[in-house]
Amino acid sequence: MLAAPPAADLALPVEPAEAVESVTLAGWLSDGVGLDGFWALAVAAAVHAFVLLNLFGVLPAVFIWVERKWSARLQDRLGPTRVGGRFGWLQALADGLKLIQKEDLVPDAADGLLFRASLYVPAISVLMAFTLLPFNDRWVAVASDCGLFLILAVLSLEVVGVVLGGYTSGSKWSLLGGMREAAQMVSYEIPLALTALVPVIAAGSLSLREIGVFQAGWMFPNWLVFANPFCAAAFLCYFTVAIAECKRAPFDLAEAESELVAGYFTEYASFRWSMFMLAEYASMFVVSLIATLLFLGGWWTGIAPLDAALTGLNDWRPDVGVEGFGVGGYLANVLFAGVVCLKASLLVTVQVWVRWSLPRLRIDQVMATCLKYLTPIACVLLLGATLWPLGLLATLGRPTVFGSTFSASPSPLGGAIVEQDSALPNGDGEAGEALR
Amino acid sequence: MDLAGHLLIFAVAAIVALAAPLTLGRLIRPKNRTPDKSAIYDCGEEAIGSSYLKFDLRFYVVALLFIVFDVELAFLFPWAAVYGSAIALTDPTLSEGVRLGLTERLGGHTPGTLPIEATLTAGDATRLAIGGALDLAVFFGVLLVGFAYVWKRGDLDWVKTVAGQARQDALR
Numbered sequence: 001m002l003a004a005p006p007a008a009d010l011a012l013p014v015e016p017a018e019a020v021e022s023v024t025l026a027g028w029l030s031d032g033v034g035l036d037g038f039w040a041l042a043v044a045a046a047v048h049a050f051v052l053l054n055l056f057g058v059l060p061a062v063f064i065w066v067e068r069k070w071s072a073r074l075q076d077r078l079g080p081t082r083v084g085g086r087f088g089w090l091q092a093l094a095d096g097l098k099l100i101q102k103e104d105l106v107p108d109a110a111d112g113l114l115f116r117a118s119l120y121v122p123a124i125s126v127l128m129a130f131t132l133l134p135f136n137d138r139w140v141a142v143a144s145d146c147g148l149f150l151i152l153a154v155l156s157l158e159v160v161g162v163v164l165g166g167y168t169s170g171s172k173w174s175l176l177g178g179m180r181e182a183a184q185m186v187s188y189e190i191p192l193a194l195t196a197l198v199p200v201i202a203a204g205s206l207s208l209r210e211i212g213v214f215q216a217g218w219m220f221p222n223w224l225v226f227a228n229p230f231c232a233a234a235f236l237c238y239f240t241v242a243i244a245e246c247k248r249a250p251f252d253l254a255e256a257e258s259e260l261v262a263g264y265f266t267e268y269a270s271f272r273w274s275m276f277m278l279a280e281y282a283s284m285f286v287v288s289l290i291a292t293l294l295f296l297g298g299w300w301t302g303i304a305p306l307d308a309a310l311t312g313l314n315d316w317r318p319d320v321g322v323e324g325f326g327v328g329g330y331l332a333n334v335l336f337a338g339v340v341c342l343k344a345s346l347l348v349t350v351q352v353w354v355r356w357s358l359p360r361l362r363i364d365q366v367m368a369t370c371l372k373y374l375t376p377i378a379c380v381l382l383l384g385a386t387l388w389p390l391g392l393l394a395t396l397g398r399p400t401v402f403g404s405t406f407s408a409s410p411s412p413l414g415g416a417i418v419e420q421d422s423a424l425p426n427g428d429g430e431a432g433e434a435l436r
Numbered sequence: 001m002d003l004a005g006h007l008l009i010f011a012v013a014a015i016v017a018l019a020a021p022l023t024l025g026r027l028i029r030p031k032n033r034t035p036d037k038s039a040i041y042d043c044g045e046e047a048i049g050s051s052y053l054k055f056d057l058r059f060y061v062v063a064l065l066f067i068v069f070d071v072e073l074a075f076l077f078p079w080a081a082v083y084g085s086a087i088a089l090t091d092p093t094l095s096e097g098v099r100l101g102l103t104e105r106l107g108g109h110t111p112g113t114l115p116i117e118a119t120l121t122a123g124d125a126t127r128l129a130i131g132g133a134l135d136l137a138v139f140f141g142v143l144l145v146g147f148a149y150v151w152k153r154g155d156l157d158w159v160k161t162v163a164g165q166a167r168q169d170a171l172r
């Protein structure tokens, strides 16, 4: 809520609270429409869920097509060419239709109930992660003060579904895949959280929205990946770990089709199998979007005049007959959300590229990479990011090389944006009191 | 309430979204089960034994290490936010308004409720930041000593016996 767009001379206007009055959907439903508190919240959450569910469904379809097409090109093949006219762009939909029609097989040896239930867990955890993702400074289902912490917690639930699916299949291949996945996940979560902390130190907030707002202005040096050398290294480290978190090659030991047949989903057939895939592609997008928000400037284009022009759209409010609705502001929101989705999609494409370029590691190499390389590296990065501003303070007299990103504007951006979640205070209220 | 309600409704939405195509598929997909189709895949052979067996959980110590690290990390998250705010406040060029806003965020106050006298000065913030860095050094240092011990003991090796054998061979 603090990081106003930087440097007044870049003409990024600090949004006046009266002009752009942002309310939550629940607030609008209770005040404007007259629903009582509980129903307003329920309807708002249902609308959020519906909107994000569409994203959750459409994005994997796009990425599956991208992966098929690009992997084919990398291997000097054509890939899908027919479905949907040119370029086979409807291939993922055709795959889905085929999979719905396929016979649904549950092995006799499997634990029927848990076998059927386990595939819901990854999808639930990834869709719940969408709850906390901001797509621009107003579009977020729940603007929590500790969004980053919560989103990592929710994402880590995914492994439960994989282990459950692997164990209850009743097949030895599945068991091996599930157990490998458990080992891999519990190890890779440590460097994931450690590297996510590095930009948090630079931005001073756990709210993904605030971290995004903080990076307004020119790409260099305002994006957190350029904030200090440790942030740049942390980005590379985070991205490596994120690939492992989505169990993508070269870390896809849970699947490992060359040694474990298909790993944890060996016994899954038809549409049930595709749900694991759906959750995998959606979680690729989520970790890429988190990377974008933490390191790559969130929804900002990185070109200050362009961002200023987009933010300036907020003032364009032609009368369309709806009270309190600004066409320009809506347009700006759509464009900013498009920018952040584009950046995240590019990162997903890099994940695809990595998958089809690098050979799979062996399971002991995967574990050694995490525990003996990535974890110590992440620890060093965290300590380095802690000491870096103190070192600068001792030598340059200020904590950043290029001056503070916090604007010199008198009023912080807060208040008018999104109502903060009162159920989740910063958790350091007493500590703050004790300082004085 | 807001968050819990959202997470609940999103979970329900995910279940509905997955159950709907499965239910639709139930109407149109074939259902011709045979004993061969219902058998688990064991490389095309008759499956030998059950897969519900005693299993070597190689990563038991790794899992213990994970718990220690994760608890530590849970404490580091609020620390990082406070430390980052304190670091931002050490910049002497900040304006009064930004300084007040950062102080409010640092202490977890509602924006606009803190009196201007309560604002942290750059000097205060520097002391706070140095204290924070020392806290981290102690807190994290203890953990790293434990990590080094586990590493030295060979618990991080996936195949412990082979690695231990290789080490003994090297000593010989």
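Those sequence lines, one after another, are chains A and B.
The letter at position 154 of the first sequence is residue 154 when you use UniProt numbering, and the numbering goes up by one with no holes.
The letter at position 30 of the second sequence is residue 30 when you use UniProt numbering, and the numbering goes up by one with no holes.
Cβ coordinates follow ideal geometry from the N, Cα and C atoms, glycine included.
Just so you know, these numbers come straight off a predicted model, no measurement behind them.
Buried or exposed (CB count within 10 angstroms, at least 16 for buried), residue i
i	result
Cys370/A	buried
residue 437/A	Residue 437/A is absent from the model: chain A starts at 1 and stops at 436.
Leu396/A	exposed
Asn222/A	buried
Lys152/B	exposed
Gln75/A	exposed
Ala228/A	Rather than Ala, the amino acid found at residue 228/A in this sequence is Asn. By the 10 Å Cβ count, Asn228/A comes out buried.
Glu46/B	exposed
Gly44/B	exposed
residue 181/B	For residue 181/B there is no data in the structure shown, the boundaries of chain B being 1 and 172.
Glu117/B	exposed
Pro60/A	buried
Trp218/A	buried
Trp158/B	buried
Lys172/A	buried
Leu18/B	buried
Asn314/A	buried
Arg73/A	exposed
Arg247/A	Reading the sequence as shown, one finds Lys at residue 247/A and not Arg. It is buried - the Cβ of Lys247/A has at least 16 other Cβ atoms within 10 Å.
Nonlocal neighbours in the same chain, by C-beta distance under 8 Å from residue i, ignoring five residues either side
i	result
Ala423/A	Here the model assigns Ala423/A a pLDDT of 32, short of 50, so the residue's position is not dependable and the matter cannot be decided.
Lys102/A	Ala269, Ser270, Phe271
Ser258/A	Arg360
Selected residue, minimal CA-CA separation from residue i, among the options
i	options	result
Met277/A	Ala42/A, Gly27/A, Leu41/A, Ile64/A	Ile64/A
Val186/A	Leu171/B, Arg127/B, Leu156/B, Asp169/B	Leu156/B
Leu127/A	Phe265/A, Ala279/A, Leu361/A	Ala279/A
Ala291/A	Leu236/A, Thr131/A, Val58/A	Leu236/A
Ala368/A	Ala143/A, Ala183/A, Gly32/A	Ala183/A
Ser118/A	Tyr264/A, Leu29/A, Asp307/A	Tyr264/A
Ala25/B	Ala232/A, Ser274/A, Leu52/A, Gly165/A	At residue 25/B the sequence reads Gly, which differs from the Ala that was named. Minimum Cα distance to Gly25/B is reached at Ser274/A.
Pro134/A	Ser30/A, Ser169/A, Gly212/A	Gly212/A
Residue i: contacting residues in chain C (beta-carbon distance under 8 Å)
i	result
Thr126/B	Absence of chain C from the displayed structure is noted, the protein chains being A and B.
Under 8 Å from the C-beta of residue i: neighbouring residues of chain B
i	result
Val334/A	None at all; the shortest Cβ gap to chain B is about 22 Å.
Phe271/A	Pro21, Leu22, Gly25
Gly238/A	Residue identity check: residue 238/A is Tyr in the sequence provided, not Gly. Those within 8 Å of Tyr238/A in chain B number zero; the least Cβ separation is about 14 Å.
Ile363/A	Trp158
Same chain, Cβ closer than 6 Å to residue i, five either side skipped, listed in chain order
i	result
Thr375/A	Ile190, Pro191
Pro122/A	Glu158, Gly161, Ala279
residue 183/B	In the structure as shown, chain B starts at 1 and stops at 172, and residue 183/B therefore has no counterpart that could be examined.
Phe271/A	Leu99, Ile100
Pro92/B	Ala122
Interface partners of residue i on chain A, CB under 7 Å
i	result
Thr90/B	Leu393, Pro399
Ala129/B	Leu390
Neighbourhood of residue i by C-beta distance below 7 Å, restricted to the same chain and skipping five residues each side
i	result
Phe230/A	Val198, Leu381, Gly384, Ala385, Trp388
Ala129/B	Tyr83, Ala86, Ile87, Thr90
Trp89/A	Trp65
Glu245/A	Tyr188, Leu192, Val287
Within chain A, the residues that residue i reaches when beta carbons sit closer than 8 Å
i	result
Phe75/B	Within 8 Å Cβ-Cβ: nothing; Phe75/B doesn't reach chain A, min ~10 Å.
Tyr83/B	Ile201, Gly204, Thr386
Ala170/B	Residues of chain A passing the Cβ test: none, with the nearest at roughly 17 Å.
Val62/B	Ala183, Val186, Ser187, Met367, Leu371
Asp135/B	Within 8 Å Cβ-Cβ: nothing; Asp135/B doesn't reach chain A, min ~10 Å.
Listed by chain order, chain A residues near residue i by CB distance under 9 Å
i	result
Ile116/B	Ordered by position in chain A, no residue passes the 9 Å Cβ test against Ile116/B, which lies about 12 Å from the chain.
Phe139/B	Under the 9 Å cutoff, chain A gives no residues; its nearest Cβ is about 11 Å from Phe139/B.
Where residue i meets chain B, residues with beta-carbon distance less than 9 Å
i	result
Asp108/A	Pro35, Ser38, Ala39, Ile40
Closer than 7 Å: residue i CB and nearest the ligand GDP heavy atom
i	result
Tyr120/A	For the ligand GDP, the structure offers nothing, since it holds no ligand at all.
Query raised in the report: In chain order, what residues of the stretch 17–29 of chain B put their CB closer than 9 Å to some CB of chain A?
Result: So the close ones are Ala17, Leu18, Ala19, Pro21, Leu22, Leu24, Gly25, Arg26, Ile28, Arg29.
Query raised in the report: Taking any Cβ of chain B, which residues in the stretch 249–267 of chain A have a Cβ under 7 Å from it, in chain order?
Result: Cβ contacts with chain B come from Val261, Thr266, Glu267.
Query raised in the report: Looking at chain B, which residues of the stretch 179–203 of chain A have a Cβ within less than 8 Å of any of its Cβ atoms?
Result: Listed in sequence order: Met179, Ala182, Ala183, Val186, Ser187, Glu189, Ile190, Ala193, Leu194, Leu197, Val200, Ile201, Ala202, Ala203.
**Report entry** Interfacial residues, the stretch 295–313 of chain A to chain B, with Cβ spacing under 8 Å
**Finding:** Correct list: empty, as no residue qualifies.
Query raised in the report: Closer than 7 Å, Cβ to any Cβ of chain A: which residues of the stretch 4–16 of chain B, in chain order?
Result: Hits within the stretch, in order: Gly5, His6, Leu7, Ile9, Phe10, Ala11, Ala13, Ala14, Ile15.
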